Amino acid sequence: MSVEKQINEVDTITVKFAGDSGDGIQLTGDQFGNTTAIAGNDFATFPDFPSEIRAPLGTTYGVSSYQIQFAAKDIYTPGDTPEVLVCFNPAALKVNLGIVNKGGLIIVNEDEFTDKNLKKAGFETNPLDPDDDTLRDYRVHKIKITTLTLESLSEMEMGHGDKLRCKNFLALGVVSWLFSRPLEPIENFLKSKFGKKPQILEANMKVLHAGFNICDTMEIFPIMYKVPPAKLEPGTYRNINGALATSYGLLAAAEKIKLPIVFSGYPITPASEILHTLAALKQFNVAAIQTEDEIAAVTMALGAAYGGSLGITGSSGPGLALKVEAINLAVMTELPLIIFDFMRSGISTGMPTKTEQGDLLMSLFGRPSDSHLIVLAPSSAQDCFWISVEAVRLATKYMTPVIVLSEGFLINSSEPWKIPNLDDIPEMESGFRTDPNGFLPYKRNKETLARDWVRIGTPGLEHTIGGLEKTNETGQITQDPENHDLMTRLRYEKTQKVANDIPELEIMGDKDADLLLVGWGSTLGSMRASMEAVASQGKKVAMINIRHLNPLPKNLGDILRSFKKVAVIELNLGHLNMLIRSKFLIDTAFLGRVTGQPIAVTEMIDFINKELETIKEH
Amino acid sequence: MSVEKQINEVDTITVKFAGDSGDGIQLTGDQFGNTTAIAGNDFATFPDFPSEIRAPLGTTYGVSSYQIQFAAKDIYTPGDTPEVLVCFNPAALKVNLGIVNKGGLIIVNEDEFTDKNLKKAGFETNPLDPDDDTLRDYRVHKIKITTLTLESLSEMEMGHGDKLRCKNFLALGVVSWLFSRPLEPIENFLKSKFGKKPQILEANMKVLHAGFNICDTMEIFPIMYKVPPAKLEPGTYRNINGALATSYGLLAAAEKIKLPIVFSGYPITPASEILHTLAALKQFNVAAIQTEDEIAAVTMALGAAYGGSLGITGSSGPGLALKVEAINLAVMTELPLIIFDFMRSGISTGMPTKTEQGDLLMSLFGRPSDSHLIVLAPSSAQDCFWISVEAVRLATKYMTPVIVLSEGFLINSSEPWKIPNLDDIPEMESGFRTDPNGFLPYKRNKETLARDWVRIGTPGLEHTIGGLEKTNETGQITQDPENHDLMTRLRYEKTQKVANDIPELEIMGDKDADLLLVGWGSTLGSMRASMEAVASQGKKVAMINIRHLNPLPKNLGDILRSFKKVAVIELNLGHLNMLIRSKFLIDTAFLGRVTGQPIAVTEMIDFINKELETIKEH
Amino acid sequence: MSTSTEEVKYKANDFKSEAEPRWCPGCEDYAILKAVQTAMAKIGRPKNEHAVVSGIGCSSRFPYYMSTYGFHTIHGRPLPVATGLKVSNPELAVWVVTGDGDGISIGGNHLIHALRRNCDLNILLFNNRIYGLTKGQYSPTSTKGMVNKTAPYGTIEDPVDPVGLAVESGATFIAQTSASYVKELVDVLVEAYNHKGTSFVHIYQNCYIYNNGAFDGFTDREIRDDNNIKVEHGKPLVFGKELNKGLTMGYGKFDIVEFEAGNVPDSVLVYDETDPILVRMISDMKFPEHPVPMGIIKRVQAPTFEESVHSQIQTAKEKFKPDLKKLIGSGETWEVK
Amino acid sequence: MSTSTEEVKYKANDFKSEAEPRWCPGCEDYAILKAVQTAMAKIGRPKNEHAVVSGIGCSSRFPYYMSTYGFHTIHGRPLPVATGLKVSNPELAVWVVTGDGDGISIGGNHLIHALRRNCDLNILLFNNRIYGLTKGQYSPTSTKGMVNKTAPYGTIEDPVDPVGLAVESGATFIAQTSASYVKELVDVLVEAYNHKGTSFVHIYQNCYIYNNGAFDGFTDREIRDDNNIKVEHGKPLVFGKELNKGLTMGYGKFDIVEFEAGNVPDSVLVYDETDPILVRMISDMKFPEHPVPMGIIKRVQAPTFEESVHSQIQTAKEKFKPDLKKLIGSGETWEVK
Ligand SMILES: Cc1ncc(C[n+]2csc(CCOP(=O)(O)OP(=O)(O)O)c2C)c(N)n1
Ligand SMILES: Cc1ncc(C[n+]2csc(CCOP(=O)(O)OP(=O)(O)O)c2C)c(N)n1
Ligand code: SF4
Ligand code: SF4
Ligand SMILES: [Mg+2]
Ligand SMILES: [Mg+2]
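Protein chains in written order, with numbering that gives the first Met the number 0: chain F, 0 to 617; chain S, 0 to 617; chain V, 0 to 336; chain G, 0 to 336.
Here is the structure:
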């Protein structure tokens with residue numbers, strides 16, 4: 000295909016697809032992401048959808064969207080605001096209008112801008128009317144996506160509805176042309192997906208090419224964009240989201256420790272993804288069980304951990320709330336239970352499909368009495384893989400529950416991932432005790448303070464555990480006052496011991512800076528982007544991202560104290576902030592936002608600049 | 000009865016009764032407490048019993064005990080260590096041996112010191128043997144309590160077992176004599192209890208007097224004690240424990256706000272007491288409902304609060320754990336749900352009948368996302384009354400859940416209580432909205448930020464609430480990012496507003512001291528006793544007890560900052576301590592103990608002295 | 000509190016809120032919504048006297064679309080919330096909307112205990128044999144072997160029969176119907192309301208997106224007359240397109256007899272909704288050997304929970320005057336001067 | 000895994016721990032403890048191959064007194080814990096000890112779902128119709144009107160029938176007996192063990208302290224033969240001190256016939272533990288109109304949960320080789336040089 004348009008080479012660009020939940024937006028986004036990956040760009044995505052399954056057509060609350068930033072350099076976020084918005088209907092335009100960059104490109108499916116749809120979306124006038132002001136600041140391209148789809152399929156013998164369902168591939172063809180993307184990856188996908196349905200395959204292929212070709216022939220766009228490949232580390236890459244990375248990490252850990260997985264869960268957005276993924280990967284010795292509720296889920300996993308398997312469960316806030324009592328039993332019995340919490344927005348049901356970092360304090364302190372366990376948090380989609388491995392390593396080595404605080408945002412967002420060599424991951428030991436000699440159920444390893452893990456069934460090691468307080472070493476139940484004080488402290492100390500076994504924190508950015516940004520979890524991306532933006536203006540900033548939240552890395556205190564000012568950034572009203580203040584008595588600055596979205600890089604930059612000003616003034 | 004013995008007048012004394020769970024120890028203690036009250040002493044009691052219903056006879060883990068300190072002056076604790084120990088069997092002696100003051104008096108039921116019982120209790124030799132060293136440091140009085148009981152009832156026609164069951168009243172007679180106590184209150188009790196069983200009444204009366212008389216005739220004790228009446232504020236007094244005080248406080252509040260109570264609970268030690276008490280007081284418009292579990296308990300109470308009643312529930316740690324999700328719904332829907340947590344020892348089942356202050360952080364932070372509510376804690380048995388009233392006042396005025404952190408220790412322990420004049424308690428307003436004009440479910444009162452409480456059924460105010468995030472004021476569900484941020488902050492601010500409506504903290508002790516002790520809940524007693532003990536050595540100490548734990552009283556920061564050193568004391572590993580450090584960035588000292596028991600005054604005094612030394616050194 | 004339907008005071012639309020329902024196009028929840036609004040109009044009480052309490056699920060979005068009082072609670076817990084509400088405000092008409100996941104999986108225990116408590120609630124269980132809101136996992140009523148997101152190799156658990164569970168739990172009113180039988184549904188809802196005590200209404204509801212056609216086997220227009228049997232108190236147990244089949248008492252279960260339409264033999268049983276034996280047998284019928292029963296399966300009178308609670312309060316008041324000053328001043332007291 | 004009892008390998012005492020039981024003197028929990036130990040000796044597997052999982056309650060203290068593996072979990076949750084254990088270690092004999100509060104009140108939902116799952120667990124439900132450990136509140140099996148700590152004016156809820164609930168939940172093995180029938184109890188326990196799938200054993204257990212004599216009405220030595228009926232597969236349904244009464248098929252329920260001892264009429268039914276109709280009728284009998292059934296009420300074969308879980312894993316392995324490197328490297332990949 001010869002292309003003679005003006006080609007605009009850019010470093011980084013953000014594109015957003017938006018439409019009805021039924022429009023196949025997520026699929027379109029994913030496919031575009033794939034072509035982007037194969038073109039060698041770095042990228043990050045942000046799928047965002049309503050909690051309704053299929054809200055009534057054309058309503059604003061039914062809008063689903065997929066944002067992707069891709070670049071010729073390392074990038075860390077899906078971008079604050081899109082330069083290009085592809086709207087499948089008026090509602091999608093309505094919802095996203097405010098956020099497109101001035102001068103940005105808006106592509107709309109003109110067919111959908113009917114009076115009825117405009118009214119549904121809450122438009123009083125038609126923004127596509129030549130004399131309407133709404134879109135004055137943008138470069139608008141109207142394409143009759145529906146009509147073109149139907150036209151290009153006019154010869155095919157298939158239902159009208161089936162034809163309509165192809166329209167997102169027309170849009171994909173258009174956008175592929177616009178960003179000089181090859182169509183092969185999408186074609187490959189279509190072939191693998193519809194291999195058994197040749198008609199649908201053919202239709203989608205047709206429409207995809209139609210979309211691409213009309214751009215050539217109809218001269219819709221005066222320019223095309225080109226984003227050159229990023230300079231990534233050499234290796235084999237794939238596209239990964241947090242859901243897959245989490246599951247693969249668990250499988251890798253299970254292989255390394257040579258134990259089967261019993262994953263029991265109760266469906267809940269966004270945690271269900273993990274249950275779905277593992278249920279389809281039973282061949283890796285995974286019993287993936289849907290239970291009657293979250294209490295059954297966590298106790299079943301605990302029963303499996305007691306038996307000698309990897310007992311794992313996962314949920315989101317409302318489900319975690321139900322698991323509290325059982326997690327305390329796991330702390331008391333010192334069993335290696337692993338609990339994933341995919342944090343979502345808001346107290347109670349809140350905004351189930353939106354993201355937040357609101358469960359940190361609950362994970363640390365949300366159990367009756369002094370109850371301590373390990374808390375980890377992945378900082379990116381791919382880090383979910385490594386955190387899964389780490390969770391298995393620490394839970395089994397220290398015989399303690401581990402909570403992994405993951406995020407709705409990480410589950411769904413994707414990025415390029417250099418596929419790791421599994422052989423590089425160290426083997427792990429289950430360390431099952433088999434020797435009856437001198438066995439005492441609560442006798443501890445001197446170094447780790449862990450008690451022995453016994454595979455239930457082992458001859459000679461019969462013993463009973465439970466939720467009542469027990470005598471140190473022997474495990475006999477007792478109400479002895481000093482023993483309870485001792486055991487409470489031992490359980491606490493065991494968790495603290497883990498600090499000797501985790502990597503120290505590494506400072507990113509300028510070690511000589513006055514200001515240190517502190518964050519955890521998914522804010523890594525936007526913090527890094529903000530830090531680099533500020534640094535590029537010649538200002539000094541440093542940052543850390545904490546992946547081990549309990550215990551905290553040993554060098555945290557030293558790092559904090561070596562900066563004039565420490566600013567904590569979180570998607571909550573101040574969880575880590577409270578922890579740091581109480582532990583290190585440092586008067587931190589704080590930026591917390593709970594909008595259900597990542598904090599915009601621009602907002603963070605403002606915050607950083609303000610803090611830098613304050614330091615100067617002093 | 001003429002008494003010509005030497006009478007030893009003492010200021011304060013601690014007595015402990017100990018025996019098998021079946022020996023009627025708690026009843027004996029209660030009765031002795033009553034005579035003490037009527038004699039005009041101040042006193043404090045500490046009943047302590049095993050979690051088994053009736054553990055096998057004669058075992059150490061089946062020992063039940065009741066400790067009481069009484070005095071001619073104000074006292075604050077049941078005493079660290081008894082000067083007088085009454086042992087009903089060898090196991091009771093075994094368990095309590097270490098704690099009796101050197102030179103203290105030990106009264107034993109000699110009959111029970113058989114070989115079998117000694118072995119059960121784990122004695123290798125008989126400590127009553129003249130040449131046995133075990134009891135060398137004590138003044139031991141052997142009384143054949145069993146034999147004497149049977150002898151004094153030899154003429155009565157009743158079963159052997161029934162006769163034996165009277166033996167605790169013989170002991171009560173003995174102790175009454177020893178402390179120059181009148182028998183009338185006990186007689187009155189027996190008459191009211193056994194009015195319908197004349198034989199049992201007669202037998203117990205006989206035995207009681209027999210116990211008293213043998214002391215006269217058999218010259219068992221060389222001395223008697225006399226503890227003169229304390230100078231209490233004038234008024235009518237009664238003996239009260241925390242369970243009754245809590246329940247009466249709720250009834251008083253319900254009367255003041257003119258609303259019925261729906262109290263729904265699931266049995267659990269030690270919270271069940273409240274359910275039992277209220278179930279027997281239905282005449283006060285109380286629906287006391289036992290549910291299938293704690294989740295039903297809390298949600299039923301929530302349904303009642305939604306309807307427009309006082310919806311109240313109560314539990315202990317394991318039950319509170321199950322209520323987390325529903326409490327978050329109450330925070331989200333802004334309904335006046337009241338949750339009692341009678342804290343008990345240990346994570347998981349722990350030590351169910353023992354006390355602890357381990358649920359503070361959970362109450363504050365143990366819910367997904369940023370979820371804020373009011374947390375109160377009574378500081379003594381009688382304060383349970385006032386905290387109940389305060390909980391109702393704040394929950395209904397601010398339309399928010401309130402957690403009352405009470406303690407197992409407070410439930411069971413008793414003290415003299417000057418009966419309040421109910422007319423002095425201000426009336427309260429339910430403030431139900433009835434006016435449909437301008438009604439919006441989430442519109443807030445400007446001063447309190449509370450939304451309107453609507454009695455469900457009111458015409459014209461129909462609306463729907465729920466766990467999804469809602470638009471400010473209108474209450475329509477929404478996923479608008481900025482709205483969620485706003486609502487999260489509003490919910491937080493509402494709780495903070497309460498600080499304007501609660502009493503400021505009052506400093507006890509010496510305001511000019513260098514050292515401030517900070518505590519909450521039941522440690523009030525031992526902290527005060529310790530502070531006064533140290534003060535009596537001429538050292539300056541001050542203290543505060545925090546009853547409002549969220550929000551904290553407004554003057555807390557100023558108070559903390561006005562002392563050189565702040566020391567936090569808790570029955571946990573540092574909950575309030577963490578809060579204070581993070582909020583005020585003060586490098587506190589800390590004393591935390593989790594033995595299931597109150598911290599001993601002597602231990603606290605050592606701690607205070609050590610802290611005073613440290614201050615001096617600086 | 001009047002339930003007269005003679006004077007038409009309300010229209011279904013009076014019970015409709017301004018919010019636009021957010022269910023998928025094609026979802027049968029719409030039909031149930033309409034039926035409830037129609038039933039309320041027939042019942043004739045103003046909207047402020049109704050409260051709709053729901054759990055979490057597609058079905059549980061229900062209260063938002065009603066102009067009555069509504070409480071969208073948490074997953075599995077609408078029943079105790081509704082019980083608390085009813086005990087607090089006994090004059091309200093309290094409706095509970097729940098799903099097969101909400102009401103039988105996570106909320107199964109509350110269901111059993113609510114049914115034996117017999118609080119005057121109207122429970123509508125929307126059974127689509129799937130988890131809709133969380134996008135297609137199996138529920139406790141999913142048929143064994145069904146393939147779905149959490150069971151890519153098919154489910155391995157035997158399904159729960161909601162009506163059987165209700166019978167075993169001692170429910171005093173049990174009805175079964177389908178969202179596609181709108182008229183019957185409305186009638187059942189009015190009767191459920193009229194019943195004093197817990198009414199359990201099991202409604203087959205098609206989830207268009209994740210379990211489409213789940214009930215076609217017996218609700219499809221073509222075949223339903225041969226696969227359903229309408230049970231009605233005092234009426235013979237006949238079914239079939241031509242009403243040519245009937246149930247007779249067999250060996251511990253019903254036998255099916257065929258006859259010429261119109262000539263119902265005496266052996267065909269006349270249904271008695273108060274007879275525990277017939278109730279048990281009707282609910283023990285297994286499709287497809289037997290037809291699926293539709294209508295009011297059980298209705299018996301018993302004291303309601305809230306009545307008992309309040310009558311005990313009354314008894315207590317008669318026995319002990321509620322004098323708080325006296326209570327607090329009771330026991331051994333003493334004067335300090 | 001041998002269940003042969005020919006060679007006596009173990010004595011009851013081999014399954015006794017050193018801990019002294021802490022139940023009240025007179026508690027029937029002692030008798031059940033002894034029976035379980037005796038049954039284990041008969042079963043003939045070493046103690047390390049048994050695990051006893053319990054909830055919270057007097058009954059749930061059980062594991063401490065056994066020399067096997069034991070897990071004293073939390074209130075109401077022993078069943079999912081045991082299920083996780085059994086799925087993880089299918090070769091173990093897993094016993095669950097629970098109470099009427101633990102298993103039917105807070106844990107009722109897990110019970111229903113465990114029974115329909117059919118994991119190979121042996122569930123022993125100690126029913127004393129009271130909460131023992133928390134000192135005397137009513138339980139879901141307490142008789143209506145019973146006065147106790149939380150119901151000073153009497154309970155107002157209809158009790159749950161554990162066996163009926165088990166039948167409705169599709170349990171594959173259901174037995175009922177009493178702690179005072181030690182020999183029968185031991186036999187039932189051995190059979191429960193032998194059954195592959197969930198065995199539900201409902202045991203009437205007298206709480207000496209808080210509900211003494213609760214079952215005297217039908218377990219008292221004097222009258223029990225007239226008030227119990229021993230159900231046994233293949234044996235006629237006869238009872239009475241003289242074995243002079245029997246059950247016959249009536250109108251949807253059993254009729255009782257009397258006859259001369261020894262002359263059992265043909266109309267008396269022969270029990271079939273696999274017949275859903277007889278099972279339902281036996282469990283629907285209400286005391287005192289009918290005798291209380293004792294023995295094995297139901298026993299049918301069905302795939303167990305853990306078998307199905309592992310066979311799906313097997314199927315998956317056959318379908319997809321478990322190659323993790325390949326999996327992680329799957330999808331669109333690309334090289335960066
Ligand atoms: C404690 C908790 N666990 C899980 C969820 C997620 N969740 C929401 S609805 C639902 C099941 C819905 O199924 P059903 O009750 O059948 O309703 P339907 O959507 O099919 O109408 C689940 C698991 C939740 N909201 N809360
Ligand atoms: C979550 C939780 N709620 C309540 C309790 C208190 N509790 C312990 S045992 C029990 C009931 C015991 O009754 P049952 O199961 O019948 O056992 P029994 O003591 O009669 O053998 C209760 C309510 C608890 N331990 N945990
Ligand atoms: S997912 Fe199913 S049940 Fe839910 S709204 Fe859509 S069609 Fe209805
Ligand atoms: S309270 Fe009852 S059930 Fe519990 S140990 Fe005592 S007698 Fe047994
Ligand atoms: Mg459903
Ligand atoms: Mg019981």
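Just so it is clear, CB atoms sit at the ideal spot from N, CA and C, and this is done for glycine as well. Because the structure is a prediction, the values reported are computed rather than measured.
7 Å Cβ cutoff met for residue i and residue j
i	j	result
Asp-41/S	Ile-67/S	no
Gln-204/G	Glu-27/G	yes
Ile-208/V	Ile-52/F	yes
Met-667/S	Gly-508/S	Residue numbering for chain S in the displayed model covers 0 to 617; residue 667/S lies beyond these limits and cannot be assessed.
Delimiting residues of the beta strand (DSSP E) encompassing residue i
i	result
Glu-8/S	5-8
Ile-311/S	309-314
Host alpha helix (DSSP H) of residue i (start-end)
i	result
Trp-176/F	166-177
Gln-197/S	Note on identity: in this sequence residue 197/S is Pro, with Gln being the wrong assignment. Residues 197-217.
DSSP beta-bridge partners of residue i
i	result
Trp-519/S	Ile-545/S
Ser-405/F	Phe-341/F
Asp-47/F	Ser-64/F
Cβ-based burial, residue i [other Cβ within 10 Å; buried from 16]
i	result
Phe-61/V	buried
Lys-15/S	buried
Cβ-based neighbour list, residue i, same chain, cut-off 8 Å, excluding 5 preceding and 5 following
i	result
Gly-294/G	Ala-174, Gln-175, Thr-176, Glu-183, Val-187, Lys-229, Val-230 and Glu-231
Ile-545/S	Ala-376, Leu-504, Val-517, Gly-518, Trp-519, Leu-551, Pro-552, Leu-555 and Leu-575
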